[in-house]
Amino acid sequence: MSDHCEEQEMEAEALAAIFDTSFSILSETQPFEWSVKLLPVDCDGDDDAQNHVGILLKANIPLDYPEVSLPQLHVEIIKGLTEEHRVELEEMAITEASNN
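Counted the way the working numbering counts, the sequence shown spans residues 465 to 564.
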């Protein structure tokens, strides 16, 4: 277990509070893996009601995050987007992560 484990667990708790059921912990042991389902409109569980696009943002959390390394981010298309959109969104997410 890394020195950063407690800090990473607290970050997961904060993300769960912010994103509620859209946030998932895919791996509960280090290295952690988290995902966030992102849709333009919150439809109370009926994702097809108003959303024509959607993505799943996955984050692999390195053992030395946040002090040394950034999460490895990957975007998966849920619906309505092309591979070019996916690549553009993934590049934007990685850029934002490195800026913060």
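No residue lacks a Cβ here, since even glycine has one placed at the ideal position from N, Cα and C.
Name the DSSP beta bridge partners of residue i, please?
i    : result
Q472 : In DSSP, Q472 forms no bridge with anything.
L521 : V500, V539
F449 : The structure shown has nothing for residue 449, since the chain only spans 465 to 564.
S533 : S533 pairs with nothing; no bridge assigned.
S491 : E497
Give a yes or no on whether the C-beta atoms belonging to residue i and residue j are separated by under 9 Å.
i    : j    : result
L537 : L545 : no
Q494 : L521 : no
A480 : I489 : yes
Given residue i, which residues of its chain have a CB within under 6 Å of its CB, disregarding the five upstream and five downstream residues?
i    : result
D506 : none
K501 : S486, L520
N563 : none
In or out: residue i buried (at least 16 other Cβ within 10 Å) or exposed?
i    : result
I525 : buried
H468 : buried
Q514 : exposed
A523 : buried
I519 : buried
Output needed for residue i: all residues of its chain with C-beta closer than 8 Å, excluding positions within five of it in sequence on either side, in chain order.
i    : result
A561 : L534, P535, L537
So, for residue i: in the same chain, excluding its five sequence neighbours on each side, which residues have a beta-carbon less than 7 Å away from its beta-carbon?
i    : result
R550 : V539, I541
P472 : Residue identity differs from the one stated: residue 472 is Gln in this sequence, not Pro. The answer, listed in chain order, is F496, I525, Y529.
E470 : none
K543 : V517, G518
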